[in-house]
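Asks:
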């Protein structure tokens, strides 16, 4: 190696480390700026105990979506035990895993495609608004993405290893990783099926494929049994999770959109719950048109790449694998969403991010589109940076402001004023030291049961429900004259009950005022009827 080659390679590696450093910095930047939100409050509640067996037994009884992604909740209690309970600490576990993901994806691209491709992959991964959003969230998705990327890293050795060499070591590492990752989420199992089918399509050597995947299926068996042991495994409609709000076509478009540019590029997720989406989307026509143009160019360049000829058959083999992985995994996600009531969101397709960031730079391998391909990727990077600016600095994209709500409630609570949380996570309020707000989450269900209604939306007996509800609130708050009723994410509350809060309280209370100044919250101030 001559001096010029040495410095060229050294500069490329330095640039790669610099880009990765930016990605790590962005994942820790303003990590505790926003309040914990409703789902993070659920995370805190589920990880308060450090007893593995208690957590395990609790999960066996769960009927929520988290029943099918337990690993994160088994690990986080010990992270909290060692480092504490601050917002920064709770989210730093995800930020650390997100940083590891960037390093892994860069390593995959470097080994399989070389330095230029790896640098483009590193840039896409480092500034990914999707990756950063979930790297700053005390939820399982950064862990799941990291584990899926590690699976890809290990399987990538089969795309490069000499056909006559022994890949037993990588198989064992892959099996052990998959066994652990399978407890991360049922979606990891879906992704693993996608990997296995893609592996067969590019390898087409049945005996070698079976040597990889029959043992892998056995390693996944404990996780599969754990999922099937759930009371709701055979009746997915009974899983207590976010149900699909519109047509499946909406999810088909929204999932790749969120992975490409994150959830803060166009309309906020709150505004997307509007009954009339058209006016909401029209406010973001320029942003959406630019994204559409970029997507069309990416699809065109990818088609020309696969239809064209390349001098390096290794690149073609690898690219075929990741293209198959993208298509098959997307198809499996579609089938899963079609046969379950799950509201298919970008986070449920986290594994699609991996083939996206590895495949997109392949368009730069085409010399006749040299300038256009690189410009297209640079524009996509700029769109992600724009989404990150929205995420960090624009309040309409921020998460639920439990921190400010807790301060407001504590400042207003006194012997004649009580507060009750009607929808949200009470543990998030107690995290911010509001220990006096009453738990009203189950009142509607209790009233439906008392009134012998199968659903609170049933028209017969709604008078009974409203009378029952006001009386239960009065009993719970011990008859204080003023009650602050707190509703987090009112759109979800309305879809659940279809009865306005004012109507529910009207039997015994009069609405005095309502406050909507806190992000994703509405606080009603009711006074007792005289």
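Residue numbers (the working numbering): 3 to 532. Yeah, the Cβ is synthetic: ideal placement off N, Cα and C, and Gly gets one too.
(1) On the three-state DSSP scale, how would you describe residue 524?
(2) In this structure, does DSSP put residue 516 in helix, strand or coil?
(3) What is the DSSP secondary structure of residue 8, reduced to helix, strand or coil?
(4) Would you check if the distance between the CB atom of residue 71 and the CB atom of residue 187 is smaller than 7 Å?
(5) Grouping DSSP H, G and I as helix and E and B as strand, with all else coil, what is residue 303?
(6) Where do the N-terminal and C-terminal ends of the alpha helix (DSSP H) with residue 420 fall, by residue?
(7) In whole angstroms, give me the CA-to-CA distance for residue 1 and residue 439.
(8) How big is the Cα-Cα spacing for residue 111 and residue 296?
(9) Between which two residues does the alpha helix (DSSP H) containing residue 432 stretch?
(10) What is the residue span of the beta strand (DSSP E) that residue 484 lies within?
(11) Give the C-beta separation of residue 487 and residue 467 to the nearest angstrom, bearing in mind that I take them to be a contact with Cβ-Cβ under 8 Å.
(12) Assess contact between the region 83–94 and the region 130–148, defined as three or more Cβ pairs (one per stretch) separated by less than 8 Å. Is contact present?
(13) By the three-class DSSP mapping on this structure, what secondary structure does residue 166 have?
(14) Is the region 18–34 touching the region 99–109, taking contact as three or more C-beta pairs under 8 Å?
(15) Does DSSP classify residue 13 as helix, strand or coil?
(16) Taking 8 Å as the threshold, find out whether the region 250–270 comes into contact with the region 212–224 through three or more Cβ pairs.
(17) Where does residue 66 fall in DSSP's three states?
(18) Who pairs with residue 530 in a beta bridge, going by DSSP?
(19) Residue 419 to residue 498, Cα distance in whole Å?
(20) Three Cβ pairs or more, each shorter than 8 Å: is that satisfied between the region 46–59 and the region 109–129?
(21) Would you be able to state if there are at least three C-beta pairs under 8 Å between the region 128–135 and the region 345–355?
(22) Does the region 511–523 come within contact of the region 392–403, defined as at least 3 CB pairs closer than 8 Å?
(23) Spell out a yes or no on whether the region 217–229 and the region 166–184 are touching, meaning 3 or more CB-CB pairs, one atom from each, closer than 8 Å.
(24) Would you decide whether residue 380 is buried or exposed? Buried here means 16 or more other CB atoms lie within 10 Å of its CB.
(25) Taking the straight line between their C-alpha atoms, what separation do you get for residue 124 and residue 428?
(26) In the region 323–372, which residue ranges form an unbroken beta strand (DSSP E) of at least 3 residues, counting only runs that do not cross its ends?
(27) My output table needs one value for residue 57: the three-state DSSP class, helix, strand or coil.
(28) Inspect the CB distances between the region 306–316 and the region 271–287 and report whether three or more fall short of 8 Å.
(29) If you count every other CB in all the chains shown that lies within 10 Å of the CB of residue 226, and 16 or more means buried, which is it?
(30) Quickly, what does DSSP pair residue 416 with across the bridge? List them, please.
(31) How long is the line joining the alpha carbons of residue 8 and residue 157, rounded to whole angstroms?
(32) Residues in its own chain within less than 6 Å of residue 441 by CB, not counting five upstream and five downstream?
(33) Quick one, are the C-beta atoms of residue 382 and residue 324 less than 7 Å apart?
(34) Where residue 17 and residue 64 are concerned, what is the direct C-alpha to C-alpha distance, given to the nearest angstrom?
(35) From which residue to which residue does the alpha helix (DSSP H) around residue 258 run?
(36) Between residue 511 and residue 528, what straight-line distance do the alpha-carbon atoms span, to the nearest angstrom?
Replies: Checking against the coordinates, here is how it stands:
(1) strand
(2) strand
(3) Residue placement at residue 8 is flagged as unreliable, the pLDDT there being 47, under the threshold of 50; the coordinate-derived value follows with that caveat. Helix.
(4) yes
(5) helix
(6) It is not in any alpha helix (DSSP H) - residue 420 instead sits in the beta strand (DSSP E) that spans 419–425.
(7) Shown here, the chain extends from 3 to 532; a query on residue 1 therefore has no answer.
(8) 22 Å
(9) 428–433
(10) For residue 484, the enclosing beta strand (DSSP E) begins and ends at 484–490.
(11) Residue 487 to residue 467, Cβ: 16 Å. No contact.
(12) yes
(13) Per-residue confidence for residue 166 stands at a pLDDT of 49, beneath the threshold of 50, marking its modelled position as unreliable; the derived number appears in the next sentence. Three-state result, residue 166: coil.
(14) The region 18–34 is in contact with the region 99–109.
(15) If DSSP states are grouped into helix, strand and coil, residue 13 belongs with the helices.
(16) no
(17) strand
(18) 511
(19) 27 Å
(20) The region 46–59 is not in contact with the region 109–129.
(21) yes
(22) yes
(23) yes
(24) When all chains shown are included, residue 380 counts as exposed.
(25) Rounded to the nearest angstrom, the two C-alpha atoms are 40 Å apart.
(26) none
(27) helix
(28) Taking 8 Å as the limit for Cβ pairs, the verdict is that the region 271–287 does not touch the region 306–316.
(29) exposed
(30) 419
(31) In this predicted model, residue 8 has a pLDDT of only 47, less than 50, meaning its place in the structure is not dependable enough to derive any value.
(32) 428
(33) no
(34) Taking the straight line from one Cα to the other gives about 47 Å.
(35) 250–263
(36) 6 Å
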